[in-house]
Amino acid sequence: MDAVRLAERMGRPLARLLGPSLRRRPRGVFYHLAGPHPRAHVRALYETKTPEQLALDLRYLKESFHVAGHEEVVWHQRRQKSLPAGSVTISFDDGLAECFSTIRPLLLENGLPGTFFVCEAFIDNRSMMHRNRAALAIEAVGRLEPGAWDAIREPCSRLAASPLATPGDLVAWLRSVTFRQETELDAICELLEVDVAGYLREQSPYMTGEQVDQLHREGFTIGAHSLRHPELWLCDGSRMEAEMRGSCLAVQERTGMSRVPFAFPFTGAMLSRRRLAALLADIELIDLMYDTAYLRRDRSFIVNRIPADAPGQPGDRSNLPDLMARAEALEPLRAARRLLRPHLG
Ligand SMILES: [Zn+2]
Numbered sequence: 011m012d013a014v015r016l017a018e019r020m021g022r023p024l025a026r027l028l029g030p031s032l033r034r035r036p037r038g039v040f041y042h043l044a045g046p047h048p049r050a051h052v053r054a055l056y057e058t059k060t061p062e063q064l065a066l067d068l069r070y071l072k073e074s075f076h077v078a079g080h081e082e083v084v085w086h087q088r089r090q091k092s093l094p095a096g097s098v099t100i101s102f103d104d105g106l107a108e109c110f111s112t113i114r115p116l117l118l119e120n121g122l123p124g125t126f127f128v129c130e131a132f133i134d135n136r137s138m139m140h141r142n143r144a145a146l147a148i149e150a151v152g153r154l155e156p157g158a159w160d161a162i163r164e165p166c167s168r169l170a171a172s173p174l175a176t177p178g179d180l181v182a183w184l185r186s187v188t189f190r191q192e193t194e195l196d197a198i199c200e201l202l203e204v205d206v207a208g209y210l211r212e213q214s215p216y217m218t219g220e221q222v223d224q225l226h227r228e229g230f231t232i233g234a235h236s237l238r239h240p241e242l243w244l245c246d247g248s249r250m251e252a253e254m255r256g257s258c259l260a261v262q263e264r265t266g267m268s269r270v271p272f273a274f275p276f277t278g279a280m281l282s283r284r285r286l287a288a289l290l291a292d293i294e295l296i297d298l299m300y301d302t303a304y305l306r307r308d309r310s311f312i313v314n315r316i317p318a319d320a321p322g323q324p325g326d327r328s329n330l331p332d333l334m335a336r337a338e339a340l341e342p343l344r345a346a347r348r349l350l351r352p353h354l355g
């Protein structure tokens, strides 16, 4: 039994005890995309649902919860009220093309609200997030001809600043790459003959500005997800502020919204809540922050969300009830871990 399953089993009785309180907490669920086939820029990063599986999730949410739009969350937060028990919010991170082609029609069909968090630098496929570039590189490593590894092993090791003995070592490095290694990542992409510009041009992995505008016109909420999706906890104070302020300003210019929600790229878990409260007071343009800490009881300006990309078993039922039950079972353990690391806020 792996550690997570063990913790889940141990957490279940405690979760039952805390059940009524846990169940009263509003839930957020978030996805990156849902599409018929996982595409090369995400295939190595995370699993995704098919449109049919997302449709099952949406039907489950519609039948079992009150699905609240961002405006409703803000309305309650301004009056210092919690959302009613049994509420859920739905959001989508990174502004990938499937948000428009697959997710938008499903939300419209079900009459459900949703928030799309976009990164300004990727709109219109002007550039590609470093993790998506790393995913393309991982695919290219898998396609290396016998003998080709020997030719690039030395330069790749130099760029990675670590001795890479096998292609598997390079894949491990690519999986751990952060925005601070973008220059080295780009050089390795070149050695692997990954054509990032060509991929952006031909595969259009992200939404266009026109599509984002249309989502806004149709009543969906557009939120900011930073300018270039860096690991914010590795940024210095001025870069972090520039990413938050700049991306919210860009969404404001695009949509005319007076205030804009912001979702942390990757996670905001390592960011001190005190520091975020100070930033929020300073950047008046942000109305709420969305994080990925499951059912964490958090500051009133943070909405936590459960990741729901995992497709589960094929079949004709949604796996969201299981994902939510798991989040409940693991919450006591997660809460204990946070207590032991109070510097995280
Ligand atoms: Zn993201």
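Per this note's numbering, the sequence shown runs over residues 11 to 355. Cβ coordinates follow ideal geometry from the N, Cα and C atoms, glycine included. All values reported here derive from a predicted model rather than from experimental measurement.
Item	Value
Between the stretch 300-312 and the stretch 265-285, do three or more beta carbon pairs fall short of 8 Å?	yes
Since N142 is in the alpha helix (DSSP H), which residue starts that stretch and which ends it?	140-152
What residue from G278, D179, R136, R255 has the CA that sits closest to Y216's CA?	R136
Thinking C-beta only, is E192 closer than 8 Å to H235?	no
Can you tell which of I296, E338, D326 has the C-alpha that lies nearest to the C-alpha of I316?	E338
Of the choices G79, I100, I312, T277, whose alpha-carbon is the least far from that of Y70?	I100
Which value, in whole angstroms, describes the spacing of the CA atoms of P165 and E220?	41 Å
Quick one: what's got a C-beta closer than 7 Å to L419's C-beta in the same chain, skipping five residues either side?	No answer is possible for residue 419: the residues shown for the chain start at 11 and end at 355.
Please name the residue in R37, E62, D223 whose C-alpha comes closest to that of I232.	D223
Using only the alpha-carbon positions, how far apart do G38 and Y209 sit?	32 Å
Residues in its own chain within less than 8 Å of W85 by CB, not counting five upstream and five downstream?	none
If I measure Cβ to Cβ from A318 and keep anything under 7 Å in the same chain, skipping five residues before and after, which residues do I get?	V39, F40, Y41, D67, L330, L333
Suppose the cutoff is 7 Å on Cβ atoms and the five residues either side in sequence are ignored; what does the same chain contact list for V356 look like?	Residue 356 cannot be examined here, being either before or after the span of the chain that is shown, 11 to 355.
Around ligand 1, which residues pass a check of Cβ closer than 6 Å to any of its heavy atoms?	D103, D104, H235, H239, P275
Pick from A335, L295, D179, A346: whose alpha carbon is nearest that of A260?	L295
With DSSP collapsed to three states, give me the class of G208.	helix
Is the Cβ-Cβ distance between L174 and R163 less than 8 Å?	yes
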